[in-house]
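The sequence shown begins at 1304 in the working numbering and counts up by one.
Here's the structure, in structure tokens; my notes come after.
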Amino acid sequence: QPWTATVLTLFPEAFPGLLGSSLAGKGLERDLWRLETLDIRGFARDKHRSVDDTPFGGGAGMVMRPDVVGAAVEASAESPGPLVYLSPRGRTFDQAMAREFAEEPGLRLLCGRYEGIDERVLEASGAREVSIGDYVLSGGEVAAQVVLDAVVRLLPGVMGNEASGGDESFEGDLLEYPHYTRPAEWQGRSVPEVLLSGHHERVRQWRRARAEDITERRRPDLWHRYLERRRTGGNEEG
Ligand code: 6GU
């Protein structure tokens, strides 16, 4: 059975979205991974199919009902992988987490709307809360697609290279080096000589040096972690 994403959402029509194109989409077509959606509204039981209600204690907005969301989560229990709830209060998603998720048999991604989901569903299900960054989205669907894009490209065979994840041994540790293609001169700007030299080892060294420069100047947080990893032999996470 291929790696399978099961998305629990009020907007199943938002999937696969951009994931249906290019790399991830080719992977879908080749059955290297699967995408399933569970429409949360399908678990509403009353005649109006209501999925939300006003918050106890008052205040703005609506909260997703525990009976409805709970039934959807239960229905996902036979699908492979941990349950992940996309929420701005979750642990911040990063490349290390993407690599962990790619090692699972799949992922069940719970997308909230409105002010969020009744807390008891999250407690009872043991969902892992994951955020994609410090800003507020109006729902988890876009975040789920961000997570899926990052994970799926790591699956064996999805990137043309079986080694997976590109040729940068420092992916996720350093920012990318600059890229160039033809023409070798454009608007009076030339491509760095070393890249035209055919000396693969010098190219490799140049790229690493550029990646290090850029990381040091733009992201001192990543730079210090990188230095620490080199110093200690390189195997701790953030
Ligand atoms: Cl995972 N969900 C929502 N709704 N907003 C977010 C987020 C997730 N990550 C950052 N902002």
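The C-beta atom is built at its ideal place from N, Cα and C for all residues, glycine as well.
Every value quoted in this text rests on a predicted model; they were computed, and no experiment measured them.
Heavy atom of the ligand 6GU less than 7 Å from the Cβ of residue i, yes or no?
| i | result |
| --- | --- |
| I1435 | yes |
| L1499 | no |
| Y1417 | no |
| A1446 | yes |
| P1385 | no |
| G1393 | yes |
| I1438 | Residue identity check: residue 1438 is Tyr in the sequence provided, not Ile. Yes; taking the cut-off as 7 Å, the Cβ of Y1438 has a heavy atom of the ligand 6GU nearer than that. |
| G1443 | yes |
| L1425 | no |
| L1389 | yes |
Give me, in chain order, the residues of the same chain whose beta-carbon lies closer than 7 Å to that of residue i; leave out the 5 immediate sequence neighbours on both sides.
| i | result |
| --- | --- |
| S1353 | A1347 |
| R1368 | V1354, D1355, D1356, D1421 |
| Q1448 | G1320, L1321, L1322 |
Roughly how many whole angstroms lie between the Cα atoms of residue i and residue j?
| i | j | result |
| --- | --- | --- |
| R1402 | D1476 | 13 Å |
| G1320 | I1420 | 24 Å |
| L1311 | R1492 | 50 Å |
| G1429 | R1411 | 12 Å |
| A1375 | F1404 | 21 Å |
| L1501 | E1479 | One detail in the question is off: residue 1501 reads as Gly in this sequence, not Leu. Those two C-alpha atoms are separated by around 20 Å. |
| E1381 | E1339 | 12 Å |
| P1495 | P1459 | 33 Å |
| D1470 | M1365 | Note that D1470 scores a pLDDT of 44, beneath 50, so its modelled location is shaky and nothing firm can be said. |
| L1313 | W1526 | 40 Å |
| E1407 | M1400 | 11 Å |
| R1394 | W1489 | 44 Å |
| T1535 | Y1529 | 10 Å |
| V1439 | V1497 | 44 Å |
| L1413 | L1341 | 9 Å |
| T1484 | I1343 | 47 Å |
| D1516 | D1370 | 53 Å |
| S1467 | E1332 | A caution first: S1467 carries a pLDDT of 46, below 50, which makes its placement in the model unreliable, though a value can still be read off. Going by the C-alpha atoms only, they are around 18 Å apart. |
| P1549 | F1396 | There is simply no residue 1549 to check, as the chain begins at 1304 and stops at 1541 in what is shown. |
| R1456 | G1362 | 41 Å |
| R1507 | R1513 | 10 Å |
| V1450 | Q1398 | 10 Å |
| G1442 | R1520 | 34 Å |
| A1427 | L1386 | 12 Å |
In its own chain, which residues sit with a C-beta less than 6 Å from the C-beta of residue i, not counting the 5 before and 5 after it?
| i | result |
| --- | --- |
| A1317 | E1444 |
| L1337 | Per the sequence shown, the amino acid found at residue 1337 is Arg instead of Leu. Same-chain partners within the cutoff: P1305, T1307. |
| G1373 | V1424 |
| A1453 | A1401 |
Can you give me the Cβ contacts of residue i inside the same chain, cut-off strictly under 8 Å, excluding the 5 residues immediately before and after it?
| i | result |
| --- | --- |
| S1472 | Reliability of the predicted coordinates at S1472 is poor, the pLDDT of 46 falling under 50, and the value obtained from them is presented with this limitation in mind. If we look at S1472 and ignore the five residues flanking it on each side, it has no Cβ neighbours. |
| P1358 | G1364, M1365, V1366, E1418 |
| P1315 | T1340, L1341, D1342 |
| G1328 | P1319, L1322 |
query = Which runs of the beta strand (DSSP E) fall wholly inside the stretch 1413–1494 and span at least 3 residues, in chain order?
reply = Counting only runs of 3 or more residues that sit fully inside the stretch 1413–1494, the beta strand (DSSP E) segments are 1431–1434, in chain order.
Three-pair Cβ contact test at 8 Å for the stretch 1383–1393 versus the stretch 1428–1436 = Judged by pairs of C-beta atoms under 8 Å, the stretch 1383–1393 touches the stretch 1428–1436, as three or more such pairs exist.
key: 4 or more residues per run - each alpha helix (DSSP H) lying fully within the stretch 1319–1369   = With a minimum length of 4 residues, the continuous alpha helix (DSSP H) runs that stay inside the stretch 1319–1369 are 1325–1332.
task = Note down, one range per segment and in chain order, each beta strand (DSSP E) of at least 3 residues found wholly within the stretch 1379–1415.
result = As far as the stretch 1379–1415 is concerned, its whole beta strand (DSSP E) runs of at least 3 residues are 1386–1395, 1409–1414.
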